[in-house]
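Novice: Can you keep this structure in mind? I'll have questions shortly.
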Amino acid sequence: MEFELTEDQALLRETTLKFLESTCPITTVRELADNEPRGFDPAWWKQAAELGWTSMLVTEDDGGGSVSGHGLVDLALVAEERGRLVAPGPFAPVNVVAEALSRRGTTGQRRRWLPGLLNGETVAAWCLGAPAAGLDHPGTPVVARRSEGNGLVLDGASQPVEAAAQSELLLVTALGSEGGLVQALVPSDTPGVRLHPARCLDLVRRFAQVTFEGVAVDPEWILDGPGTVASGVEQQLQTTVVLECAELAGALDRVLEMTVAYAFDRYSFGRPLASYQALKHRFADMKMWVEACHATASAAAHAVDADAADAAELTSVAKAYIGERGPVIVQDCVQLHGGIGVTWDHDIHLYLRRVVVNRTQHGTPSDHRERVFRAMDAEVSP
Amino acid sequence: MEFELTEDQALLRETTLKFLESTCPITTVRELADNEPRGFDPAWWKQAAELGWTSMLVTEDDGGGSVSGHGLVDLALVAEERGRLVAPGPFAPVNVVAEALSRRGTTGQRRRWLPGLLNGETVAAWCLGAPAAGLDHPGTPVVARRSEGNGLVLDGASQPVEAAAQSELLLVTALGSEGGLVQALVPSDTPGVRLHPARCLDLVRRFAQVTFEGVAVDPEWILDGPGTVASGVEQQLQTTVVLECAELAGALDRVLEMTVAYAFDRYSFGRPLASYQALKHRFADMKMWVEACHATASAAAHAVDADAADAAELTSVAKAYIGERGPVIVQDCVQLHGGIGVTWDHDIHLYLRRVVVNRTQHGTPSDHRERVFRAMDAEVSP
Amino acid sequence: MSAREVVVPAESDGTMEDVESFRLRARSWLADAMPLLPEGMNNHQLSRQDEMGERARYLQRILSGGGFAGLCFPREYGGQGLSRAHQRAFNQESLPYQMPTLFNVPTFSILAATLIEFGTEEQKHRHLPAILRGDELWVQFLSEPSGGSDLAGLVTRATRDGDTFVINGSKIWSSGAFRSDYAMCLARTNSQVPKHRGLTMFIMKIHQPGVEVRQIAMVNGTAEFCQEFFDDVIVPDGDVVGEVDDGWTVASRLLFHERDAVGGGSPYISGVAVAGSGGGAQRSDLVNLAARMGKLGDVRVRQLLAEDRINSRVQNQLVRRISAGIRAGALPPPAGALPRLFAATSTERHLDIALDVAGGSMAVWMDEDSEDANWGEAFLNRQGGSLGGGSSEMARNIISERVLGMPREPAADRDIPFDQVRHN
Amino acid sequence: MSAREVVVPAESDGTMEDVESFRLRARSWLADAMPLLPEGMNNHQLSRQDEMGERARYLQRILSGGGFAGLCFPREYGGQGLSRAHQRAFNQESLPYQMPTLFNVPTFSILAATLIEFGTEEQKHRHLPAILRGDELWVQFLSEPSGGSDLAGLVTRATRDGDTFVINGSKIWSSGAFRSDYAMCLARTNSQVPKHRGLTMFIMKIHQPGVEVRQIAMVNGTAEFCQEFFDDVIVPDGDVVGEVDDGWTVASRLLFHERDAVGGGSPYISGVAVAGSGGGAQRSDLVNLAARMGKLGDVRVRQLLAEDRINSRVQNQLVRRISAGIRAGALPPPAGALPRLFAATSTERHLDIALDVAGGSMAVWMDEDSEDANWGEAFLNRQGGSLGGGSSEMARNIISERVLGMPREPAADRDIPFDQVRHN
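Protein chains in written order, with the numbering used here: chain A, 93 to 474; chain B, 93 to 474; chain C, 2 to 425; chain D, 2 to 425.
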């Protein structure tokens with residue numbers, strides 16, 4: 093949690109927490125995992141949208157807005173609470189697409205898609221189908237050829253994309269056949285688009301690979317001109333990473349909290365676990381790491397929100413740091429729980445799943461370290 | 093220490109320890125550091141040679157031999173005790189050159205140089221002047237051209253070489269001007285050979301860069317034909333690494349031993365340090381690592397001694413493991429000593445110096461990991 | 002060491018059948034009687050498919066019929082009274098065949114071994130021949146939900162009622178109790194004395210009124226471990242193992258047999274679950290993973306793969322060194338905790354390296370890539386190895402206190418009547 | 002918090018000179034009176050060459066003469082009675098000039114600050130003006146060779162003899178005692194009470210009979226730290242700071258001022274030792290090293306350099322977060338141990354990365370490569386940062402006990418008369 097919140101932000105945080113606790117406690121998350129192919133309840137998603145979950149990165153003109161005027165900082169508060177309850181729902185995908193539309197979409201594009209995204213009726217996903225932004229991208233990219241009417245034709249296969257199979261709209265980042273990147277808005281029912289469900293370690297998140305076979309895109313649905321596409325993709329990446337990191341920080345905070353509580357409650361050899369110095373020192377390290385995760389997640393959110401010069405570096409700093417520390421912290425907490433920590437019925441594995449997924453999506457720690465190096469090198473070289 | 097020694101080996105170990113304790117305790121090492129430009133006393137080195145320190149890798153025909161018939165295993169026992177007392181002297185360099193001569197030298201070469209090496213009158217050094225054996229070799233190599241009389245002419249600069257400035261004989265590994273490696277025996281007073289003293293973190297070891305300017309080598313002083321040179325260099329590397337690792341294991345064992353003793357003696361808040369669980373657990377890890385270092389150092393010695401198929405892999409396993417763990421162990425022991433551990437008067441820094449030097453010479457841990465990968469890959473590929 | 006301990010001779014002592022002639026006899030009998038392993042499978046994989054142990058019981062019955070069951074068990078209890086050398090020869094000859102390795106741990110090597118030492122003659126005659134015939138699988142009921150590392154702090158009660166005991170409480174982490182027949186169950190018979198002095202070991206029939214066995218679903222999808230609930234379970238006093246209130250002596254010895262079995266030192270292990278395991282095991286699973294990811298050329302990945310290989314090599318070297326040290330008396334027996342801890346930490350590191358090498362595909366994978374799913378599930382269960390068989394924390398206590406001789410942790414329950422101690 | 006604490010106003014309160022007019026006055030005076038820094042050097046480097054503090058004393062005398070010494074010190078003791086805002090403005094204006102930053106820590110920010118709170122009027126009038134004139138450098142005599150983390154367990158004795166005390170014992174880790182004039186020295190005046198209740202703080206003149214100061218040679222070649230030996234050192238009872246036997250109260254407050262100084266919160270710091278330090282420091286030393294080694298293209302090295310950069314960035318972010326948390330009351334003040342621990346661990350990691358990047362040249366280098374020598378010596382002194390200002394172990398105790406509220410370690414000396422406790 094951030095220590096210096098405005099009153100409105102504190103209220104937002106509290107409202108979010110109450111909403112999650114009342115509508116989606118972990119028992120509900122487990123039920124969704126078992127019984128809900130989508131991973132979330134669409135009606136619940138509309139409720140969340142009413143609380144502003146989908147509108148904070150959208151301008152007021154487009155019907156969006158946020159309590160502090162710092163949309164991404166506010167949205168990161170929501171993400172953190174989501175992490176604390178390993179909440180479901182296409183949170184980052186919808187927000188990233190909504191922000192891209194609001195920032196760089198044409199009037200027609202915004203009118204067509206934003207209202208549904210904002211009220212939670214429509215789900216969208218960002219389909220990063222090409223090597224971009226310094227992230228490792230194994231496999232064949234999605235390639236966009238210019239068609240006769242100045243539209244595009246897409247061919248290729250994406251990596252697994254979160255919420256793709258639950259989305260009406262795909263924001264596709266493709267490799268232009270003449271180089272550079274291209275972004276297009278592709279309804280998922282467009283002929284030639286096919287979805288191939290993937291499996292995910294996180295029990296309530298759904299991914300699918302998207303393949304494109306001669307998918308025609310009308311010129312009006314091309315997002316970004318050549319001048320803005322690279323920075324647009326970078327923007328989308330930064331926003332995604334900020335939300336992933338905030339969610340991670342929340343999840344790690346909660347895991348440490350429950351493990352500290354366990355250490356106080358649990359007696360061994362007549363003493364609480366919390367009285368054993370070897371464990372106390374590990375808890376001290378974990379507390380330090382978790383506070384550092386909060387600190388760097390928050391710094392990244394503020395930097396991206398402010399379009400700061402070092403926003404790219406700070407998002408990668410946060411993702412590399414939290415991505416690396418996250419599994420270490422959760423696994424040590426599992427260890428401190430003893431055998432119960434590796435049973436299905438204990439909640440800690442839900443957090444471990446979320447942490448592993450967030451660690452590896454949109455760049456692993458080593459991808460982001462390489463991005464940090466390049467940012468540093470750029471600074472040092474001249 | 094190895095747990096399964098023959099009686100003769102146990103005696104060798106004991107004799108070595110007594111010799112070192114009586115002739116070269118750490119106070120003497122400190123005096124040598126301050127007052128002896130060579131880093132060791134030549135008269136003392138001859139005494140050591142009488143105890144067999146220079147003859148164990150040499151065949152009996154050449155005047156060598158060892159107590160168990162497993163020369164390198166026996167010599168590693170000596171190296172380990174040397175590590176325990178951070179002993180001085182050109183131990184690995186002399187033995188490596190003596191072994192190379194005894195194994196692959198001509199009668200003339202052996203007659204000329206072995207007696208002096210064996211009785212401690214002569215010092216020799218291995219000047220690895222070319223990229224070989226998968227080790228990182230920055231800088232320009234020493235290149236050997238064929239001369240008219242089928243001899244060689246050497247040109248170039250080596251990396252800093254241990255004991256080069258104290259040696260009468262250099263075993264030079266150079267890059268053949270037509271590719272491949274060449275090894276030659278070069279007296280250090282040969283015209284064109286120049287020595288440039290280097291500085292070393294270890295207080296009693298001396299290194300020098302050797303430069304060669306048109307240094308003529310008579311055909312009779314060429315060691316190894318093209319058919320044996322690569323395996324010869326590999327052999328020299330393995331022997332050196334085995335001795336480095338044994339010395340490291342001895343040094344680490346001694347550092348842990350002194351730190352455990354300190355933890356029993358030192359009281360804080362009315363309790364010995366050894367009673368604090370957080371420290372106890374760190375000691376447990378260190379004990380495990382030190383035992384693992386012994387285990388892998390010993391396995392490498394046995395494998396190289398037996399010319400085992402996996403000798404190259406096992407030496408690199410040992411060097412990578414011990415090289416990586418060594419500084420970690422010593423630095424944690426420094427930490428456990430408190431401020432006194434970073435003072436000049438405390439002996440622990442002598443060990444830290446030795447450990448850092450042995451870690452980085454003849455391949456860093458990452459060089460040796462790459463060698464392990466290649467050995468593994470070769471095994472897996474077919 | 003208990004006076005009742007059976008010392009199994011390492012080598013044939015001259016009164017037994019010569020090892021080589023035994024080997025030939027075994028070879029020929031195995032070829033006639035035992036089914037071959039299916040191509041590419043080992044006994045470990047087979048027994049994972051044998052959920053209720055029916056195949057193992059069937060195979061053990063064949064061995065028993067042929068006179069090859071319990072080679073190192075005493076003849077009076079249905080064994081063959083042979084030496085470790087005979088068992089070793091038999092194990093070598095049995096490599097191509099299906100073997101009932103499910104019986105090895107814990108039935109033969111831990112529970113039968115303990116029963117031999119502490120059981121009454123009646124108990125031994127009742128159970129050991131049945132075990133060797135393949136009629137009884139056994140498990141241990143030791144750990145409790147409230148217990149953790151503090152085994153002796155258990156709270157399951159056994160209350161005397163005439164010539165029976167009535168047991169109430171719960172046990173956990175027994176392996177395969179659902180398919181097993183009998184358990185050794187440690188329960189508290191006296192709460193007015195310090196914890197170690199009020200425990201009693203019982204033989205408990207598992208499938209009887211008052212015993213409920215629940216399989217525990219684990220994060221990696223397995224359900225081998227169980228929890229048991231005891232509701233007024235009646236145990237006759239003829240089923241007490243050792244003395245009443247002296248169960249800790251029995252349990253300590255049982256735990257010794259457990260370590261011995263895990264370390265490969267038990268003479269009662271028959272057949273080989275995974276041929277070629279231990280020693281120079283290749284652990285090429287990570288290399289395969291990296292190859293599949295196209296990362297064998299990545300210098301960073303190569304370093305990680307080499308690190309894993311190094312850990313695996315050094316682990317085996319350490320096992321050999323510590324065994325030699327204990328044998329030579331240079332190290333105390335608790336030094337066995339050193340390789341135990343090394344194995345736990347290198348398994349953790351193995352999975353961390355997998356996470357790094359696999360990248361996103363450990364978290365999200367296409368259906369067809371079932372190997373990725375395995376890696377993900379293995380990572381979820383990363384701490385399994387650091388928790389089973391005593392936690393890494395206990396190993397560090399043992400090493401510091403019993404190998405390095407450092408002061409023991411202050412325990413709030415030492416020498417204090419159990420009912421005055423705070424517990425879970 | 003002590004009742005005697007001086008609260009220095011953060012901003013000008015209207016009765017003082019306006020900050021901006023003060024700034025202009027300071028700017029013009031500095032240009033006239035103070036020598037400029039030599040090109041490319043900072044005050045930290047200058048003071049490392051000023052072994053005996055002569056330059057610092059000279060510069061402080063100039064400040065004092067100009068009325069710019071002790072801006073936030075009370076006027077009655079020779080200070081200027083101004084606010085933190087004035088000091089901040091002055092520090093900014095002083096950036097181009099040589100400044101006596103050697104006085105900042107510990108003289109001004111720790112010892113003068115403690116004296117203001119606990120000194121008698123006589124003591125304060127005797128010493129504070131002299132300090133501000135540049136006539137007195139002070140140090141603290143707290144730690145002892147036998148002490149380690151357990152400061153209150155110290156054994157240096159002060160025995161009353163009429164109206165004096167006679168001090169015997171030894172102190173260690175005082176920084177620069179050989180060039181200093183006075184010390185605050187904590188000694189045991191009563192051994193028959195628990196350790197915290199028998200200590201007294203004294204003002205001790207350093208250069209007097211019975212005091213021997215020895216510089217301690219460190220592994221990295223420096224000799225800044227000292228050890229002192231006291232052989233019947235006479236201290237008049239007018240030099241007791243605070244109450245007899247209540248020295249722990251004074252020492253605790255002194256340690257508070259020490260943390261405050263290290264954390265950048267002291268109002269008594271004048272001038273800037275290293276301009277631009279803290280905040281976005283680049284730590285490009287490792288990048289330079291890698292460049293010199295020709296390894297900037299090595300993906301493995303790039304990862305390490307990035308890791309170091311990340312640690313440095315996150316460290317600054319953590320400092321800001323924890324400060325905000327303490328300010329907001331969301332974290333208790335001991336949470337300051339979190340960034341302290343983070344800094345220690347990331348310094349260790351920084352040097353480990355250097356060892357990896359430097360490879361052989363950290364161990365063996367040609368004479369001309371003095372940078373390599375520096376890296377080697379820095380690595381030898383790697384634990385310096387984890388030991389100074391309370392060890393990392395103490396930080397972990399503080400975090401677990403005072404931030405997470407976990408039970409305190411059992412101490413064998415709690416509430417027990419000191420002379421009945423085992424110590425070194």
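By construction, the Cβ of each residue, glycine as well, lies at the ideal position given by its N, Cα and C atoms.
#1: Let me know the alpha helix (DSSP H) ranges lying completely inside the region 162-210 of chain A, each 4 residues or longer, listed in chain order.
#2: Do we get a CB-CB distance below 8 Å when we pair Gln318 of chain C with the residues of chain D?
#3: So if I threshold CB-CB distances at 7 Å, which residues from the region 373-399 of chain A count as touching chain B?
#4: Looking only at its own chain, which residues have a Cβ that is under 6 Å from the Cβ of Trp137 of chain B, when we skip the five neighbours before and after it?
#5: Mind checking which residues open and close the beta strand (DSSP E) that includes Gln88 of chain C?
#6: Would you identify the three-state DSSP class for Gly431 of chain B, choosing helix, strand or coil?
#7: Any Cβ of chain D within less than 8 Å of the Cβ of Gly418 of chain B?
#8: Could you tell me the distance, in whole angstroms, from the CA atom of Ala364 of chain C to the CA atom of Ala338 of chain C?
#9: Hey, is the region 250-269 of chain B in contact with the region 296-303 of chain B, meaning 3+ C-beta pairs nearer than 8 Å?
#10: Based on the DSSP output, what are the partners of Arg341 of chain C in its beta bridges?
#11: Taking just the CA atoms, how far does Ala252 of chain D sit from Gly391 of chain D?
#12: Along the alpha helix (DSSP H) that carries Leu293 of chain B, what are the first and last residues, could you check?
#13: Given that a residue counts as buried once 16 or more other Cβ atoms are within 10 Å of its Cβ, and exposed if not, what is Leu167 of chain A?
#14: Classify Asp316 of chain B as buried or exposed, calling it buried when 16 or more other Cβ atoms lie within 10 Å of its own Cβ.
#15: Inspect the CB distances between the region 184-197 of chain C and the region 216-225 of chain C and report whether three or more fall short of 8 Å.
#16: Taking just the CA atoms, how far does Asp310 of chain B sit from Phe304 of chain B?
#17: How many angstroms separate the CA atom of Phe419 of chain C from the CA atom of Thr160 of chain C?
#18: Mind listing which residues of the region 196-208 of chain B have their C-beta closer than 7 Å to chain C's C-betas, in chain order?
#19: Restricting to runs no shorter than 3 residues, where is the beta strand (DSSP E) found entirely within the region 292-365 of chain A?
#20: Please say whether Gln369 of chain A and Gln369 of chain B have beta carbons closer to each other than 8 Å?
#21: Taking 6 Å as the limit between beta carbons, can you name the residues of its chain near Pro457 of chain B, skipping five residues before and five after?
#22: Would Leu246 of chain A and Val307 of chain A be called neighbours here (beta carbons separated by less than 8 Å)?
#23: For Val214 of chain C, which three-state DSSP category applies?
#24: Nearest to Met1 of chain C by CA position, among C:Asn382, C:Gln99, C:Ile217 and C:Ser175, is which residue?
#25: Please report the residue range of the alpha helix (DSSP H) in which Ser390 of chain B lies.
#26: Name the one or two DSSP bridge partners that Leu25 of chain C has.
#27: Mind checking which residues open and close the beta strand (DSSP E) that includes Trp218 of chain B?
#28: Tell me whether Val8 of chain D is buried or exposed, calling it buried when 16 or more other Cβ atoms sit within 10 Å of its Cβ.
#29: If you compare alpha carbons, which of D:Val220, D:Ala218, D:His197 and D:Val236 is closest to Gly211 of chain D?
#30: For Ala188 of chain D, which residues does DSSP report across the bridge?
#31: Quick one: Cα of Val352 of chain D to Cα of Ala379 of chain D, how far?
Specialist: Checking against the coordinates, here is how it stands:
#1: 163-176 and 183-196
#2: no
#3: His373
#4: Gly181 and Gly212
#5: Note, Gln88 of chain C: premise wrong, no beta strand (DSSP E); alpha helix (DSSP H) at Arg85 to Glu94.
#6: helix
#7: no
#8: 34 Å
#9: yes
#10: None, per the DSSP bridge assignment.
#11: 14 Å
#12: Note, Leu293 of chain B: premise wrong, no alpha helix (DSSP H); not H, not E.
#13: buried
#14: buried
#15: no
#16: 15 Å
#17: 15 Å
#18: none
#19: 299-309
#20: It is a contact, given that the beta carbons lie within the stated cut-off.
#21: When the five nearest sequence neighbours on each side are left out, the beta carbons in the same chain lying within less than 6 Å of the beta carbon of Pro457 of chain B are those of Ala412, Gly415 and Glu416, in order along the chain.
#22: Contact flag set, yes.
#23: strand
#24: Chain C is shown from 2 up to 425; residue 1 of chain C falls before or after that span and cannot be answered.
#25: Gln369 to Asp397
#26: Answer is none; Leu25 of chain C lacks a bridge partner.
#27: Where Trp218 of chain B is concerned, the enclosing beta strand (DSSP E) stretches over Ala216 to Leu220.
#28: With a threshold of 16 other beta carbon atoms within 10 Å, Val8 of chain D falls short and is exposed.
#29: D:Val236
#30: Residue pairing from DSSP places Ala188 of chain D in a beta bridge opposite D:Thr201.
#31: The question names Val, but residue 352 of chain D in the sequence shown is Leu. Taken atom to atom, the span from the alpha-carbon of Leu352 of chain D to that of Ala379 of chain D is near 7 Å.
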